[in-house]
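So in our numbering the end of the sequence shown lands on 444, straight run, no missing numbers.
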Amino acid sequence: MTAISDEGAENARQEEDSGIWSTFRQAPTAAKAVLLGVFVNKLAAFIQIFLVLFLSQNGYTAGQAGLALGVYGAGAVLGVLVGGTLADRLGARTATVISMAGSAFLIAALLYVPNYPAMLATVAAVSLVGQFYRPASMTLLTELTPQHQLVMITAMYRLSLNLGTTVAPLLGGALIAISYSWLFWVEAAAALAYAVIAVVALPRRVVRDVPAAGGSAERSVADRINYRAMLADRRYVIFLAAMFINGVVYCQYLVTLPLDVTSLGLDPWVFGALVATNGFLVIALELPATKITQRWPIRRAALCGFGLVAVGYSIYALPPLVAVFVAGTVIWTLAEIIGAPTLFAYPGLIAPERLRGRYIASMQAAFGLSYAVGPVVGAVLWAQLGRAAWLCLGALQLVAVLLGLISIRNLPGATESSAGQETGNAGSDDGPLRTAEDEPVP
3 MTAISDEGAE NARQEEDSGI WSTFRQAPTA AKAVLLGVFV NKLAAFIQIF LVLFLSQNGY
63 TAGQAGLALG VYGAGAVLGV LVGGTLADRL GARTATVISM AGSAFLIAAL LYVPNYPAML
123 ATVAAVSLVG QFYRPASMTL LTELTPQHQL VMITAMYRLS LNLGTTVAPL LGGALIAISY
183 SWLFWVEAAA ALAYAVIAVV ALPRRVVRDV PAAGGSAERS VADRINYRAM LADRRYVIFL
243 AAMFINGVVY CQYLVTLPLD VTSLGLDPWV FGALVATNGF LVIALELPAT KITQRWPIRR
303 AALCGFGLVA VGYSIYALPP LVAVFVAGTV IWTLAEIIGA PTLFAYPGLI APERLRGRYI
363 ASMQAAFGLS YAVGPVVGAV LWAQLGRAAW LCLGALQLVA VLLGLISIRN LPGATESSAG
423 QETGNAGSDD GPLRTAEDEP VP
């Protein structure tokens, strides 16, 4: 009876301290620094938005500008994977400083490249180096946050990204009115600011008290810190496939939706209003909704997110009324609000500690790759099927639901309040977290 009472009291305590403000107040300074740094960096993330305009203004053809944008996207996917390796081997602070300081230098260099091949090479380097920080940021948040608060802190991380991304085009447009040079110098300064924040506020490394390996076989497994070790987790690979398919379908609001709206003769403002509705609802509702969804079993939240994407896009196949477009948009937006914080926290929760950066980076890379493949898939389906493409996309998303059902597993609720004691693999024997300032890293 006492054990049951203690468990109930512990659950009540965790529910109380996993609210929005309590989670933020209890977050360590390093976690708050990550949220601030990510916001500052995304607030000035201009290059991908204005790269085509910049190159066109400097005499490059539309084809050359489009190729440069494609190179930027490819570099970003590769950069996330490299960033996962750096996070595991060097720690989040070092990976972030390399990313931000390096990209600050390269962004400024774009103003001085002498020819198109040099421009392509510099664009590739900017996108590659500039993405190292992403898995490092989520890895550090996972290591510093108790399990029962990680979904909420992930929602805060996403809010920082979304707010910065929403304001960046407006700020960039104002800077272009002065000079394109200002665009690059301000973005370089923002990256450098995050590097300074990382040096000042992030721990040199977060490590654990890990018992010595018992035998040579155990030591061999523990020392395998690479992507091949991650790929050996077949269940997680299936999860990556689910995330990839989910991204391919989800990004159709950028491709198939505008094609559908314009083919019906609707005013372009309808498309703009639909996208704005998505952004407003996510920014306004994701944190409050996460107060509820973070208490759900992981599979329920994740599969609900996957399923609502299928429903939302399938609704677009109904008779093309504005109300139908609004209803579909609200539903797939709810998919993001309900599912995204859990899905983006999931890799850090189930990853072995020594591979956490790579698990997180693999998911980010899969989702990023889906945004490169998705537009091609949507354009082909639209050309072949017309409005029936929405039903095909809905059916494709059901494959993601099935793969998620197979791969996503629930974790036991956190029972410790100290940072990260139940992060990583369920049943881990790892001891309490400490920073490298407490003990040197070998």
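Backbone N, C-alpha and C fix where the C-beta goes; we use that ideal spot for every residue, glycine too.
Beyond the five residues adjoining it in sequence on each side, A312 comes within less than 6 Å, by CB distance, of G396, Q399 and L400 in the same chain, given in chain order.
By the neighbour-count definition (other C-beta atoms within 10 Å, threshold 16), V42 is a buried residue.
Look at P354 here: in three-state DSSP terms it is coil, with no helix or strand label.
At the C-beta level, L152 and L351 come within 8 Å of one another.
By the beta-carbon neighbour count (other beta carbons within 10 angstroms, threshold 16), T31 is exposed.
Using a Cβ distance threshold of 8 Å, A94 and T147 do not count as a contacting pair. DSSP assignment within the region 287 to 372 yields the following whole alpha helix (DSSP H) runs of 4 residues or more, N-terminal first: 300 to 317 and 324 to 352. Residue nearest to S316 within the set A347, P171 and L259 is L259 (criterion: CA-CA distance).
In this structure, the straight-line span from the alpha carbon of T168 to that of G370 is close to 18 Å. A distance below 6 Å between beta-carbons, with the five flanking residues on each side excluded, links F246 to the following residues of its chain, in chain order: A368 and S372. Beyond the five residues adjoining it in sequence on each side, G281 comes within less than 8 Å, by CB distance, of N164 and T168 in the same chain, given in chain order. Of all alpha-carbon atoms in A126, S364 and D262, the one lying nearest the alpha-carbon of Y238 is that of S364. Just measuring C-alpha positions, the residue of T156, A243 and G314 sitting nearest F346 is T156. Inclusion of T344 and A303 in the CB contact set at 8 Å is warranted, their separation being smaller than that value. In this structure, T98 and A138 form a Cβ contact; the two beta carbons are roughly 5 Å apart against a cut-off of 8 Å.
If you look at P119, you'll find it in the alpha helix (DSSP H) that goes Y118 to G132. For the pair L112 and F186, the CB atoms are nearer than the 8 Å cut-off. DSSP places V257 outside both helix and strand once states are collapsed to three, so it counts as coil.
Annotated as distal: G249 and G81, with beta-carbon spacing of 8 Å or more. By the criterion of at least three beta-carbon pairs nearer than 8 Å, the region 176 to 192 is in contact with the region 48 to 55. Residue range A64 to L92 is occupied by the alpha helix (DSSP H) that includes T87.
Pairwise C-beta distances place the region 262 to 272 in contact with the region 316 to 326, as three or more of them are shorter than 8 Å. Straight-line spacing of the CA atoms in T124 and A319 works out to 43 Å.
Nearest C-alpha to C253 among A337, A191 and A197: A337.
In this structure, R136 keeps its C-beta atom at 8 Å or more from the C-beta atom of Y229.
Buried is the label assigned to I300, since at least 16 other Cβ atoms lie within 10 Å of its Cβ. The Cβ neighbour count for I100, taken over all protein chains shown within 10 Å, is at least 16; the residue is labelled buried. W392 counts as buried, since no fewer than 16 other beta carbons sit within 10 angstroms of its beta carbon.
C394 is the residue among L69, A33, I408 and C394 whose C-alpha sits nearest the C-alpha of V251. G72 places its beta carbon 8 Å or farther from that of V257. The shortest CA-to-CA distance from A203 to any of A192, V378 and A35 is the one to A35. Residue D235 holds the alpha-carbon nearest to the alpha-carbon of I410 among V328, D235, L266 and A127. In the structure shown, the three-state DSSP call for I410 is coil.
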